[in-house]
Each structure stands twice: as structure tokens, then as C-alpha cells.
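Peer 1: Sending over a structure as C-alpha cells; questions will come in a sec.
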Amino acid sequence: MSADLLTARRVLHALGVSRALGPETVTLADAHGRTLAADVHARTSLPVADSSAMDGWVVAGAGPWHVDGVVRMGAPPGPPLPAGAARAITTGGAIPPGASAVVRLERAEILADVLHLLPAAPAPTDGTDIRHSGEEVHRGDRIASSGTHASPAVIAAAAASGTDEVTVVRRPRAALVLIGDEVITRGVPEAGQVRDTYGPVLPAILGSYGAETVMVSRVRDDPASVLEALSAEDVDIVISTGGTGGGTADHVINALISLHAEVVARSVPIRPGHPTVVAARPDGVPVIALPGNPFAALAALVALGLPVLTGMLGAPPERVLPRLAGEAIPGRPRTTRLVAVREQWDGVLPVGRQGAAMVSGLLHADALALIPEAGVAAGDRVGVLPLPWRR
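See below:
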């Protein structure tokens, strides 16, 4: 990855941070995929009480043991266990006072209400197969930090430790502006036409990062229409596709000038995606103007657009992950190539059909490899950005 792309990602993340959104409280059921706006702390220790790690019998002292009952699941541990006694217990059952160990089900048998170890079974020592309270988490421990993506693992840990609600960052409200006279939304395109590949997928991609698409505008190649669409109100971010080049049908740059928007990033040396423009309107709303070609737009969104969004959510930018190149991948002068790759056990390999206008190659891709100007040789370390649907 070139210093230019690294610098651009830092600047764009800072732009998002400057537009950080406020918090809201949601139930755990509604927290998946959101970004935490406050630390989550354990409300209880885990295990809550000493508990059995195995099915079997909880015992006190040396055996054999007289079986005096059962520890019921979901119930308090019951009265103290006297020396020489045993109670049947299930994994997770609460250990009664006085108990010294758990004897596994397969290591003993009951004869006339007396529990005997099988001949080959080891004698239990103090603490055998007992999970002690706080062994996993102590009350007050931090389960997850502010800025963390609320993954299933985070939600499960929060639930296990007694949390019912979490504070998350409010969902960014996104407006999509899809520009182009040639774009159709249904049926088979004729000569000079293309199908809309953004409308069906961008809301889902943005949704996976916690954003909510509240407005979709399909705009012709008309200066007034483009200006009006990029001026969308009551939104936190605007993302457009098409119209960023220098042709007679490209009106995004002039629209941004008319809006008195501050251009934050333009012509970042990446291929594909070079025509991407990121600006901030006078009201602070970021505008991410992606190129019109499908692969170029998706690559630029991952490399340049998502850092803005993660900054708005108070989350760190997506990490560039280290991988090994499974084969030599050439570079391009003064450019970082964004190459769609699939991950294999021995390294990443480029997929086929990945020109700026192509999308079919992405069917088999897991990530974008960031190929520096000098290229990479087989076995070299290369940075990759996971594709949103592979997170």
C-alpha cells in the first residue's frame, strides 16, 4: 500500500470522526452489527457460583460416598455436603458447600446407594472438575470496549454476564445517489445500457457497517438533478455513483463546487477507483462520490469510503491484514493496485475478470490486495482489506 493511500485513509477516517454520531440504548437482540458507544462491563462473575464442569457426582472427602440426593439444574446448591457423601450433578450445576470435587459419570458406579470409583479411575483431588466462580469473568470486568463491533461473540458474552441493554452509536442515515442515463433497474440491458448493480447491494453493504439507507435517488446525467440529489437533507452521509470523471456527462465535481463543499480527497492514486472524490458539505455531511464502473466503485468504497463511515461510528478503520502472495502480482507506476483475491492456505491469489467495469470476478473474491508500485513476488507479504460480505 502506498503512503498516498495510507494517508488518504487516515484523513478520511478523521473526517468521519469529526462527524461522530450520538449514542442510543438498544436491547441485545437489536445490537447485532452495531458499534458500541460505551464499554460493557460484567454485572456478575462467571461462573456465578462454583459449578460442575462435568456430569457425574459432587463428593466430599475420600470415597466411597453415600449418595444423599441430587443437585438440580437451575436451583441453589442446597444444604452442605457432609464428608463421605455424594450427590448427582449435571454440568453447570451449583456446587454445594463442603464439596471437594466432582467425580465424572464414566469413572464411578452406584452400588446400594454407595458411589464407588471404578478400578482404573483416578481418585479425585480437591477441585477436580469444579469451575470456580469468577474463573472466566469477575463482576465489573470489561467485556467489550467502546468502538467495538457488536458481533455475536460480544453479544453472547454480554448476555452471559447479566447485561440486557447496551449503548450503541446511532445508525448513520445514508442517502444513495445513483447517476447515469444509461442505467436501467429491470430486465436485460440493450446496447448502450447497463443494469443498476448498486441499488440492490449498497444498502446491504452499508447496513453491515451499521448504516441505514433512508433515501435512494436515481438521477439522470443532468447538472441540476445531480446538484439537487447531492443536497439531500436530514441525512448523515451521501454516497453517489457515477459522474466523477471529466466527460461531458460528468457533473459531480461542478455540483460539489456549487455546494461550496470542501474536497477532502480526490484522485488518490489507486486503480481501479482513481476518480473517487470525497468532500464535506458546508453542513459537515460527507459526500463519497464513487466512480460509475461497478468494480471500481466497490473497490473505492472499501478503500476510501468505509474509513469515513467507521470514523462516524467511533470505530477504528478497518485493519489492513497481512497475507502472503500465492503468486507474483505486478504493480503499476505511481499507483496502488486494488486486486480482488481469494484466500487459500498457501496465500492469496488474484481472481479472474476484474476490470474496472467487471463484477463477476468478485463472486470468488475474499479481499482486496493492496499492490504497491513495485508489485509483489510469490511469497511476499501483502496487505489486504476484507470485502464487506466476507467480514
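Numbering (numbering that gives the first Met the number 0), first residue to last: 0 to 390.
Just so you know, even glycine gets a beta-carbon here, dropped at the ideal spot from N, CA and C.
Since the structure is predicted, the reported quantities are computational estimates derived from the model, not experimental observations.
Taking Cβ positions, are A82 and G60 nearer each other than 8 Å?
Peer 2: Yes, these two residues count as a Cβ contact at 8 Å.
Peer 1: If you measure between the beta carbons of I252 and P285, is that distance less than 8 Å?
Peer 2: No.
Peer 1: In chain order, what are the residue ranges of uninterrupted beta strand (DSSP E) at least 3 long that sit wholly in the stretch 66–133?
Peer 2: You should have 84–88, 100–103, 107–110 and 113–116.
Peer 1: In its own chain, which residues sit with a C-beta less than 6 Å from the C-beta of A41, not counting the 5 before and 5 after it?
Peer 2: Around A41: V136, R138, D140, I142 and S160.
Peer 1: Give the C-beta separation of V153 and A36 to the nearest angstrom, bearing in mind that I take them to be a contact with Cβ-Cβ under 8 Å.
Peer 2: About 13 Å; that fails the 8 Å criterion.
Peer 1: Return the chain-ordered list of same chain residues with a C-beta closer than 8 Å to the C-beta of G206, the five sequence neighbours on each side being excluded.
Peer 2: Correct list, in chain order: G32 and T212.
Peer 1: Among all the DSSP beta bridges, which residues are the ones paired with S216?
Peer 2: The partner list for S216 (beta bridge, DSSP) reads V176.
Peer 1: Quick one: using the 10 Å Cβ neighbour count with 16 as the cut-off for buried, is H259 buried or exposed?
Peer 2: Exposed, because fewer than 16 other Cβ atoms sit within 10 Å of the Cβ of H259.
Peer 1: Among the residues of its own chain, which have a CB less than 6 Å from the CB of H12, if the five just before and after it don't count?
Peer 2: If we look at H12 and ignore the five residues flanking it on each side, its Cβ neighbours are P306, G310 and P316.
Peer 1: Would you give the residue range spanned by the beta strand (DSSP E) that V237 belongs to?
Peer 2: Taken as a continuous stretch (DSSP letters only), the beta strand (DSSP E) holding V237 covers I236 to T240.
Peer 1: Just tell me which of L323, A48, P151 and R130 has its CA closest to the CA of P349.
Peer 2: Among L323, A48, P151 and R130, the Cα nearest to that of P349 is on L323.
Peer 1: Nearest-angstrom Cα distance between A107 and A156?
Peer 2: Each residue's alpha carbon lies about 34 Å from the other.
Peer 1: So, does the stretch 43–54 touch the stretch 86–98, judging by three or more C-beta pairs under 8 Å?
Peer 2: Yes, the stretch 43–54 touches the stretch 86–98.
Peer 1: Return the Cβ separation of V347 and V383 in integer angstroms, given the expectation that the two are a contact with Cβ distance under 8 Å.
Peer 2: The Cβ separation is near 6 Å, so the contact holds.
Peer 1: Excluding the five sequence neighbours on either side, which residues of its own chain have a C-beta within less than 7 Å of the C-beta of T240, listed in chain order?
Peer 2: Closer than 7 Å at Cβ, skipping near neighbours: L177, I178, Y197, L289, G291 and A296.
Peer 1: For A152, does the three-state DSSP call read helix, strand or coil?
Peer 2: Three-state result, A152: helix.
Peer 1: Below 6 Å CB to CB, which residues in the same chain sit around M0 once its five sequence neighbours on both sides are set aside?
Peer 2: Annotation note: pLDDT 46 at M0 (below 50); position unreliable, coordinate value reported separately. Excluding residues within five positions, the ones whose Cβ falls inside 6 Å are T335, L369 and G382.
Peer 1: Can you tell me the Cβ-Cβ gap for A299 and T275, rounded? I've got them flagged as a contact below 8 Å.
Peer 2: With a Cβ gap of about 4 Å, A299 and T275 count as contacting.
Peer 1: Would the beta-carbon of P46 fall within 8 Å of that of S132?
Peer 2: Yes, they are a contact pair.
Peer 1: May I ask you to report which of helix, strand or coil DSSP gives G382?
Peer 2: G382: strand per DSSP, three-state reduction.
Peer 1: Assign V263 to one of three DSSP states: helix, strand, or coil.
Peer 2: In the structure shown, V263 sits in a strand (DSSP, three-state: E or B).
Peer 1: Roughly how many whole angstroms lie between the Cα atoms of S216 and P75?
Peer 2: For S216 and P75, the distance between alpha carbons rounds to 60 Å.
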